[in-house]
Amino acid sequence: MRRIYAFNGDADGLCALQQLRLAAGQGGTDVLVTGVKRDIALFDRVECGPDDECAALDVSLDVNRTGLLAVLATGAKVRYFDHHFAGEIPQSDRLEAHIDPDPKVCTSIIVDRYLGGRFRPWAAVGAFGDSLVEEGRALTAAAGISADDTRRLQALGLAVNYNAYGESIADLHVPPADLAQEMLPYTSPLAFANASPTFRRLDEGFREDMDRAQQLEPMKRVPGAILFLLPDAAWARRASGTLANDLAKAHTGSAVAIVSPKKEGGYLVSLRVPRESKVSAEEFCRRFPTGGGRKTAAGINHLPSAELDGFAQEFENQFRA
Numbered sequence: 050m051r052r053i054y055a056f057n058g059d060a061d062g063l064c065a066l067q068q069l070r071l072a073a074g075q076g077g078t079d080v081l082v083t084g085v086k087r088d089i090a091l092f093d094r095v096e097c098g099p100d101d102e103c104a105a106l107d108v109s110l111d112v113n114r115t116g117l118l119a120v121l122a123t124g125a126k127v128r129y130f131d132h133h134f135a136g137e138i139p140q141s142d143r144l145e146a147h148i149d150p151d152p153k154v155c156t157s158i159i160v161d162r163y164l165g166g167r168f169r170p171w172a173a174v175g176a177f178g179d180s181l182v183e184e185g186r187a188l189t190a191a192a193g194i195s196a197d198d199t200r201r202l203q204a205l206g207l208a209v210n211y212n213a214y215g216e217s218i219a220d221l222h223v224p225p226a227d228l229a230q231e232m233l234p235y236t237s238p239l240a241f242a243n244a245s246p247t248f249r250r251l252d253e254g255f256r257e258d259m260d261r262a263q264q265l266e267p268m269k270r271v272p273g274a275i276l277f278l279l280p281d282a283a284w285a286r287r288a289s290g291t292l293a294n295d296l297a298k299a300h301t302g303s304a305v306a307i308v309s310p311k312k313e314g315g316y317l318v319s320l321r322v323p324r325e326s327k328v329s330a331e332e333f334c335r336r337f338p339t340g341g342g343r344k345t346a347a348g349i350n351h352l353p354s355a356e357l358d359g360f361a362q363e364f365e366n367q368f369r370a
């Protein structure tokens with residue numbers, strides 16, 4: 050039997066994966082299907098048979114519906130863990146769905162519930178990486194982790210999450226599948242953070258990229274809505290998602306859009322909106338063909354170049370105070 054894991058390459062996906070793999074033990078053969086953060090149609094790449102078990106982690110069921118149905122048709126069993134918009138969940142005795150779109154929940158927290166808190170510190174890292182700071186601190190408090198170690202886990206979550214942002218694997222410091230393999234031997238994320246040269250590399254790279262990002266000026270700024278257009282550079286593609294989170298915290302009460310040029314043309318969009326916003330980030334981004342996400346954080350995988358001005362105007366019209 051093979052265990053196939055289709056997981057988002059960000060901190061939430063990796064930490065959800067880590068918990069499940071630690072719980073499963075070292076027996077069997079693991080197949081990892083992943084990519085950059087925006088690479089979420091992963092079930093199109095899953096190849097399995099009736100004796101295989103597949104786990105989906107932190108990727109929308111709605112986006113993966115066709116691929117999921119094809120996998121179920123092979124006779125394989127699927128466990129689906131996610132916190133994004135799912136749409137109608139297929140009815141199958143081979144599908145076990147654990148989906149919770151609550152904005153205070155991430156996939157690592159869902160897996161933590163599923164496993165009864167067996168590897169809770171890893172769930173906290175995933176929550177911190179997904180910008181759920183209060184929820185991450187609640188997890189570390191429940192696990193009896195000190196304030197200093199909590200700050201260490203928060204730094205780990207931010208660095209691992211930052212690594213997933215980019216247009217392609219070539220933009221990243223470390224491919225997510227390689228990072229997953231390096232994490233696997235560590236039951237404790239603190240032990241990983243203390244021993245891993247990769248973490249130090251990611252942490253230093255994160256700080257360098259964000260120092261560059263802090264020098265940017267907004268393309269559009271009105272009360273309630275701020276839009277940044279990033280340069281066409283690998284550091285900017287890496288920084289885009291984390292920059293969106295940081296700017297959302299710095300501009301409480303405003304919607305923040307980060308627009309990044311893509312190598313083949315067009316743009317990638319990251320959107321953050323306040324929790325009290327009348328229109329969710331997901332609802333706004335789903336107006337565009339490749340948009341999706343969740344209530345406070347969403348994005349558009351491809352915005353055609355000719356639509357940038359129209360997007361900027363619609364963004365201002367929707368979120369202007």
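Numbered per our numbering, the sequence shown spans residues 50 to 370.
Positions of the beta carbon are idealized from the N, C-alpha and C atoms, including for glycine.
Bear in mind the structure is a predicted one, so any value in this text is a computation, not a measurement.
* Asked: Looking only at DSSP bridge pairs, what is Val305 linked to?
  -> Ile275 and Arg321
* Cutoff 7 Å; reference Asp198; Cβ partners in own chain excluding five residues on either side -> Leu239
* Asked: Pairing CB atoms from the stretch 342 to 358 with CB atoms from the stretch 230 to 246, are three or more of them under 8 Å?
  -> no
* Less than 8 Å between the CB of Pro170 and some heavy atom of the ligand SAH, yes or no? -> Of the ligands one can find in the structure shown there are none, so the ligand SAH has no counterpart to examine.
* Asked: How would you call Ala190, buried or exposed, if buried means at least 16 neighbouring beta carbons within 10 angstroms?
  -> exposed
* Do three or more CB pairs link the stretch 247 to 261 to the stretch 222 to 239 at distances below 8 Å? -> yes
* Is Asn212 helix, strand or coil by DSSP? -> helix
* Residue range of the beta strand (DSSP E) that Ala104 falls in? -> Glu102 to Leu106
* **Bridge partner(s) assigned by DSSP for His147** => Phe130
* Just tell me which of Leu207, Ala196, Phe168 and Ala283 has its CA closest to the CA of Leu221. => Ala283
* **Three-state secondary structure (DSSP) of Gly165** => coil
* Given Leu233 as reference, the closest of Leu69, Asp59 and Asp61 once Cα atoms are compared -> Leu69
* Asked: Is Phe134 closer than 9 Å to Thr152 when the C-beta atoms are compared?
  -> The question names Thr, but residue 152 is Pro in the sequence shown. Going by C-beta atoms, Pro152 is not nearer than 9 Å to Phe134.
* Asked: What residue range is occupied by the uninterrupted alpha helix (DSSP H) comprising Asp227?
  -> Pro225 to Met232
* Distance, Cα to Cα, Cys103 vs Lys126? -> 6 Å
* Nearest-angstrom beta carbon gap, Ala208 and Phe255 [assumed within contact, 8 Å] -> 5 Å
* Reduced DSSP category for Asn350 - H, G, I as helix; E, B as strand; rest coil -> strand
* Return the residue from the list Arg128, Arg201, Gly166 and Arg94 that minimises the CA-CA distance to Val182. => Arg201
* Asked: Which residues in the same chain have their Cβ closer than 7 Å to the Cβ of Asp101, if we skip the five residues on either side of it in sequence?
  -> Met50, Arg51, Ile53 and Ala125
* Is it right to say Glu257 is buried, meaning 16 or more other beta carbons lie within 10 angstroms of its own, or is it exposed? -> exposed
* To do: Excluding the 5 residues preceding and the 5 following Tyr211 in the sequence, name in chain order all residues of the same chain whose CB lies nearer than 6 Å to its CB.
  => Phe255 and Thr291
* To do: Look up Thr78 in the DSSP assignment and give the residues it is bridged to.
  => Arg51
* Give the straight-line distance between the Cα atoms of Gly84 and Leu106, rounded to the nearest whole angstrom. => 12 Å
* Pull up the CB-CB distance for Leu279 and Ser289, whole angstroms please, since I reckon it's below 8 Å. => 6 Å
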